[in-house]
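Data first, discussion second: the structure below is written as structure tokens.
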Amino acid sequence: MQLNGVDIKDTYAEAFGIKVSRLLVTAATKKLALVAATEATGYGTSVIGCPAEAGIDGYVSPLETPDGRPGYTIMICNSGKKKLDHELLERIGMGILTAPTTAVFNALEDTEEVLKAGFKLKFFGDGYEKEVEVGGRTVQSIPIMSGDFLVESDFGMKDGVAGGNFFILADSQMNALVAAEAAVDAIYEVPGTITPFPGGIVASGSKVGCNEYNFLNASTNEKMCVSLKEEVVESEIREDVNGIYEIVIDGIDEESVREAMKQGIKAACTIPGVKEISAGNYGGNLGAYKINLRDLF
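Residue 71 in the working numbering sits at position 71 of the sequence shown, and the numbers go up by one each step.
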């Protein structure tokens, strides 16, 4: 199968289940909202080493927010309810409450469970906190130096999907990079999904486990390293490929991840020099979701 002359490999992306929470961060200006959203989602590329996977989902117009101010939705993902609740408390408290003019609201519909991070955060008010209503929502108002910080008491949590992915193989590193950036831009338009790696692009695709060092639970994917394609016997890189990037996607459900993969792949295949689209899978050792690339189209 080809898309715009690009080979779509007959393979699948192996994704796994994860707990997801979705928040809306607003502020007096779009710039300040983006600053806070960026801080709150830092150090959140992969649960291999980070305490959570996190990223910015999308921009929300003042016409659509509870307080009539510009905002960004963000997603924070972790393996369990207790860990996720802790991450929300830490990231809201350290990354958003500390930022000028911010407020935080729940942005997850169809909630399966509730996290109490906002209620816990109210105690920072040292007894001066109070409940107020904003846009029909009951929120905690916490006095801070510059005014009051507003945060909803409860945030929704549901079962999501992490690790949706595809590889972009191109004739050069720069063409692969341009294609990866196009893919990330397209995925940004799919609500309920994030690309948690830096700039949404994975430069260091990994595999489960390690061939040489038994103390590592993940290591470089040597079969997809361009500098090793002449050295590794089972290299999966064709002769005309000299640049590879991976896009990893987390979403609120499998359908959102599938749609993000589809739109990202379509965008990548419009860039000259892209030769092939592949995906990462690990023989069922990573997760229960298997998303076949060709089934997306």
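Backbone N, C-alpha and C define an ideal beta-carbon position, used for all residues, glycine too.
The region 155-163 contacting the region 224-232, beta-carbon criterion three pairs below 8 Å: no
Range covered by the alpha helix (DSSP H) that runs through E35: By one-based count along the sequence shown, residue 35 stands at place 35. At residue 35 the sequence reads Val, which differs from the Glu that was named. That run of the alpha helix (DSSP H) goes 30-40.
Coil, strand or helix - E212 by DSSP: Counting from one through the sequence shown, the residue named residue 212 turns up at place 212. Of the three classes helix, strand and coil, the one that applies to E212 here is coil, per DSSP.
L24 CB to nearest heavy atom of the ligand COA below 7 Å: This structure does not include the ligand COA; it has no bound ligands of any sort.
Integer Cβ distance of K122 from Q140, believed to fall under 8 Å: Against the sequence shown, residue 122 aligns to sequence position 122. Against the sequence shown, residue 140 aligns to sequence position 140. About 4 Å; that satisfies the 8 Å criterion.
Residues near Y59 by beta carbon distance below 7 Å, same chain, minus five either side: Here residue 59 refers to the residue found at position 59 of the sequence shown. Closer than 7 Å at Cβ, skipping near neighbours: Y72.
Buried versus exposed, by CB contacts within 10 Å (16 or more), G283: The count along the sequence shown starts at 1 and reaches residue 283 at position 283. Result: exposed.
E14 - partner residues in DSSP beta bridges: As a working note, residue 14 is residue 14 in the sequence shown. DSSP output for E14 lists K290 as bridge partner(s).
Neighbour-count burial assignment, Y188, 16 or more Cβ in a 10 Å radius: Residue numbering aside, residue 188 sits at position 188 when the sequence shown is read from its first letter. By the neighbour-count rule (16 or more Cβ atoms within 10 Å), Y188 is buried.
Backbone secondary structure at A298 - three-state DSSP: Given that the chain is displayed from residue 1 to residue 297, the structure contains no residue 298 and the question cannot be resolved.
Rounded C-alpha distance that separates K81 from K223: On the sequence shown, residue 81 is found 81 positions in, with the first residue counted as 1. On the sequence shown, residue 223 is found 223 positions in, with the first residue counted as 1. Their Cα atoms are separated by approximately 35 Å.
S172, DSSP secondary structure in three states: Along the sequence shown, read from residue 1 onward, the residue named residue 172 stands at position 172. Three-state result, S172: coil.
Residues that T73 bridges to, as DSSP identifies them: Taking the first residue of the sequence shown as 1, we reach residue 73 at position 73. In the DSSP output, where bridge partners are listed per residue, T73 has L24, G58.
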